[in-house]
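Residue numbers (our numbering), protein chains in the order written: chain E, 25 to 422; chain D, 1377 to 1724. The beta-carbon is built from N, C-alpha and C at its ideal position, and this holds for glycine as well. Here the structure is a predicted model, which is why all the values come from computation and not from measurement. Report on one structure; see the data block that follows.
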Amino acid sequence: MSDQVIPANEKKGVSPLRAVLLILPLVALGGVILLFLATGGGLTLKSPAPVESLVVERTVLRPGEIDIQVRNAGPEDLTIAQAIVNSAVWPFTVSPDVIIPRLGKGTVHFSYPWVKGEAYAISLFSNNAIAFNTEIPVAFATPVATSRTFWSFTLIGLYVGIIPVYLGIFWFPALRQLGRQWMTFLLAITAGLLIFLGLDTIVEAIEKAAELATPIQGFGLAGIGAVATFLLLDAISKRQNAVGKSGTSQRLAVSFMIAAGIGLHNLGEGLAIGAAYNVGEIALGSFLVVGFILQNITEGLGIIAPILRDRPGWKPLALLGLIGGMPAVIGAWVGGFAPSPNLAVLFLAIGTGAIFEVTYEIFKLIQKDTAREPMPLTVFSGVMAGMLVMWVTGLLIK
Amino acid sequence: MSRKITRRDFIKATGLTLLGSFGLTGLGLASQHDHSSHQAPLIAQVHGHGSDAMPATNGEVNYQANGFNPSDILIDFDYGEVSTLANGQVLREFRLVSVNKTFEVAPDIMFPAWTYNGRIPGPTLRCTEGERIRVHFTNGSDHPHTIHFHGVHPSEMDGVPSSGPGVIQPGESFTYEFDAEPFGLHLYHCHAFPLARHIAKGLYGAFIIDPKGGRPPVERELIMVMSGFDVDFDDANDFYAVNTIPFHFDKHPIQIRVGEKVRIYLVNMLEYDLINSFHLHANFFQYYPTGTSLTPVEFTDTIMQTQAQRGILEFSYKFPGLYMFHAHNTEFAELGWTGHFEVLPKEV
């Protein structure tokens, strides 16, 4: 019955009565809010102590100058009253203003004779005498975008992303001689690698999300990024299946999605490296490079695993490598020159969503293979091998 | 630094290694290059352009709204009301009221203080050895307080919770009465518990007992009470000062003249830190610890005091100019306990 009634109404369009009924609750809601704001609704909401929150988003050092970029994450305007730099009350200016509106940003500027390589602790006092502390663990001039620093960050990205990914892709001619079971094994390894990378990315996203200003809701933001990416990639993949693409182009599409997922992961790594360089949190140890390449070479392997039985030309392979590796370079640029903690969380979340969706796609490919020929131990050992490779190479470097 | 190693640390580590081990024009090398190739003076490279910057609070406090000014406190001695008792002894009466007062300790930073007579430090009570002292105390605040004098007096006049009237409840009054002895520079403070908080909130002041016949005359007598303020209540001071306002005498130097004899009554009321100190630039002073002797014990330019220690400094300047004085716990100096004497030429 109701099935028939609803379409009947829809034909009529929105009647005036219906429009009023739709709007009425909203009008009432507005009235309640106004009433509440005007009267307090009978609640005594005066806070006994001011609730203030100030998040330091970035620190920029130039010779003789320190800039602290802050965001007011509290419920009210916040006034920066005084500042202490390494146990000395220090004069400062704030642009645009010492009063920072809710969610607004401000840059606290110090003329301060900082010394390269030393550490600085900075306390910003609000006019409610609440101290917000931040640290410069190792002081040195924040890199500015010159051709030299630009090239340096490009090099970082090359070593972290592009080179290992292409090295992995170079396995293509050798691996395509393998039999079906071995190819399934490789797919399973790829799934294992991706699960490990996905966990790593999600942990990173969560860690970073926790540092964001409370109203930004870092965890929610990460969730939106991850879920949206997962569902979007899933929809794209289903649409490709629906339009009846050949098995070959479907597998290539999976490869591209893996490349994109790994690319987003590498973007996150690039961001982290760039940002770490930006704040001077850098340690030394040359053997670490080797570990990095060892770990990331598997990413290239993962990208080509679905298309081993096909004959893609060199162009798709080159493109796959670029998609997988290039974001590390972009990430290093962004992280180095214009780091944004909010964007970093979003990128990491997108990476998480992409990696888990791609893992799901690979399992679908594996399922196609195992439907023809059951090989449960191959899948188990492959996934475990993939995860263990990541874990063991991680042991080497951490 | 004790924190767990994360993947980010690894990434950080790797980031630089890449630069280093490949020996490329990496960032680390780039910055080294900048230092050697640019012909900037060394001081600019090491210290940057901020090297002429000095610690200071941003702006000025509103002295009018505060109701007291460290420069006024410097020369404000409360001699009380004087009369003579039947036995011929001089009677000196003081009135102290404890009041809650929120004042601007540093520009834009309000501190909910507890005060005697609405100021920090409280009035500098001054009398002469052997006089009868009556301090009429009224608790005008909403917390129990006392006044505990350093000096010689009976137990019930000691101003502690465990003897005499104990703590004075809000709205109640009590008169502390004793003979002024021994001569010297002393102090008073609230002795209600928790003691550290009651002192740190501002309930203290100087108490001078002059010797009979007085000290040798000088051109200027100054009172300086050293203290600190824990504005975020973490039992650690955020700001330090003489006479309460950080950097006050830095922004408003004390003017004296060449050759003038200056006597400073210096009291340390600093809570939460073990010691405080006083250093005079480009000069030496005679030091009389606790002021209980007329013979100085040391000729120096730096002295140290723990909480409630005090002493008298005497000096004069030989050359005109601007001279710093500050705690030689330099951390305190940079957190507000710094001032200047502006020594003007002799008057003609």
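Distance CB(residue i)-CB(residue j) smaller than 8 Å
i	j	result
Ser-111 of chain E	Glu-1647 of chain D	no
Pro-1499 of chain D	Tyr-1492 of chain D	yes
Gly-1527 of chain D	His-1562 of chain D	yes
Ile-1679 of chain D	Tyr-1663 of chain D	yes
Ser-1549 of chain D	His-1512 of chain D	yes
Val-1543 of chain D	Pro-1570 of chain D	no
Met-1600 of chain D	Leu-1656 of chain D	no
Ser-1653 of chain D	Asn-1705 of chain D	yes
Glu-1457 of chain D	Val-113 of chain E	no
Thr-1676 of chain D	Pro-1446 of chain D	no
Gly-1715 of chain D	Val-1607 of chain D	no
Phe-1487 of chain D	Ala-153 of chain E	yes
Leu-291 of chain E	Pro-351 of chain E	yes
Phe-1444 of chain D	Arg-1502 of chain D	no
Trp-138 of chain E	Ile-90 of chain E	yes
His-1567 of chain D	Gly-1540 of chain D	no
Arg-1591 of chain D	Leu-1689 of chain D	no
Thr-1461 of chain D	Arg-1508 of chain D	Reading off the sequence, residue 1461 of chain D comes out as Leu, not Thr. Yes, Cβ-Cβ distance for Leu-1461 of chain D and Arg-1508 of chain D is below 8 Å.
Gly-222 of chain E	Thr-383 of chain E	yes
Thr-1514 of chain D	Val-1473 of chain D	yes
Neighbourhood of residue i by C-beta distance below 7 Å, restricted to the same chain and skipping five residues each side
i	result
His-1409 of chain D	Interpretation of His-1409 of chain D is limited by its pLDDT of 37, a score under 50 that renders its predicted location unreliable; no figure is taken from the coordinates.
Gly-1635 of chain D	Ser-1692 and Lys-1722
Glu-1674 of chain D	Tyr-1663
Val-109 of chain E	Phe-134, Tyr-136, Tyr-144 and Ile-146
Ala-341 of chain E	Note on residue identity: the sequence assigns Leu, not Ala, to residue 341 of chain E. Excluding positions up to five away in sequence, the list reads Ile-193 and Phe-196.
Leu-370 of chain E	Leu-245 and Gly-249
Ala-329 of chain E	Leu-210, Leu-211 and Thr-214
Contact set for residue i: own chain, Cβ-Cβ below 8 Å, skip 5 residues either direction
i	result
Val-407 of chain E	Ala-212, Ile-213, Ala-215, Gly-216 and Ile-219
Glu-1505 of chain D	Ala-1556, Glu-1557, Pro-1558, Phe-1559, Ile-1585, Asp-1586, Pro-1587 and Lys-1588
Gly-298 of chain E	Phe-177, Ile-180, Gly-355, Ala-356, Trp-357, Val-358, Gly-359, Gly-360, Phe-361 and Pro-363
Glu-100 of chain E	Pro-74, Val-75, Glu-76 and Arg-126
Ser-1538 of chain D	none
Asp-1454 of chain D	Phe-1470, Pro-1499, Thr-1500, Leu-1501 and Arg-1502
Test: residue i CB closer than 8 Å to a CB of chain E
i	result
Val-1607 of chain D	yes
Asn-1515 of chain D	no
His-1526 of chain D	no
Ala-1432 of chain D	yes
Glu-1647 of chain D	no
Ile-1651 of chain D	no
Met-1700 of chain D	no
Ile-1485 of chain D	yes
Ala-1572 of chain D	no
Ala-1429 of chain D	yes
Pro-1417 of chain D	Because Pro-1417 of chain D sits at a pLDDT of 33, beneath the cut-off of 50, its placement in the model cannot be relied upon, and the point is left open.
Closer than 8 Å to chain D by CB, residue i
i	result
Tyr-384 of chain E	no
Phe-220 of chain E	no
Ser-364 of chain E	no
Pro-115 of chain E	yes
Asn-320 of chain E	no
Ala-229 of chain E	no
Asn-96 of chain E	no
Ala-329 of chain E	no
Asn-290 of chain E	no
Asn-151 of chain E	yes
Same chain, Cβ closer than 6 Å to residue i, five either side skipped, listed in chain order
i	result
Thr-253 of chain E	Ile-374, Gly-377 and Ala-378
Ile-124 of chain E	Asn-96, Leu-102 and Gly-130
Val-353 of chain E	Thr-178 and Gly-181
Thr-173 of chain E	Pro-167
Gly-410 of chain E	Ile-213, Gly-216 and Leu-217
Gly-185 of chain E	Asn-290, Gly-349 and Ala-352
Partners in chain C for residue i, counting only beta-carbon separations shorter than 8 Å
i	result
Ile-154 of chain E	Included in the structure are the protein chains E and D, with no chain C among them.
Chain-ordered residues of the stretch 1614–1630 of chain D with a beta carbon less than 8 Å from chain E: Asp-1614, Phe-1615, Pro-1622 and Phe-1623
Beta carbons nearer than 8 Å to chain D: which residues of the stretch 236–253 of chain E have them? none
Give me the subset of the stretch 120–149 of chain E whose CB atoms are less than 9 Å from a CB atom of chain D, sorted by chain position. Val-122, Phe-134, Ser-135, Tyr-136, Pro-137, Trp-138, Val-139, Lys-140, Ser-147 and Phe-149
Looking at chain D, which residues of the stretch 76–94 of chain E have a Cβ within less than 7 Å of any of its Cβ atoms? Pro-87, Gly-88 and Glu-89
Between the stretch 101–112 of chain E and chain D, which residues of the former have CB atoms less than 8 Å from a CB of the latter, in chain order? Thr-103, Ala-105, Gln-106, Ala-107, Ile-108, Ser-111 and Ala-112
Mind the definition here: the stretch 115–125 of chain E touches the stretch 93–101 of chain E only if three or more C-beta pairs lie below 8 Å; say whether that holds. yes
Output needed in chain order: residues of the stretch 1681–1715 of chain D with a Cβ under 8 Å from some Cβ in chain E. Glu-1707, Glu-1710, Leu-1711 and Gly-1712
Residues within the stretch 1479–1513 of chain D neighbouring chain E, beta-carbon criterion of under 8 Å: Ala-1482, Pro-1483, Asp-1484, Ile-1485, Met-1486 and Phe-1487
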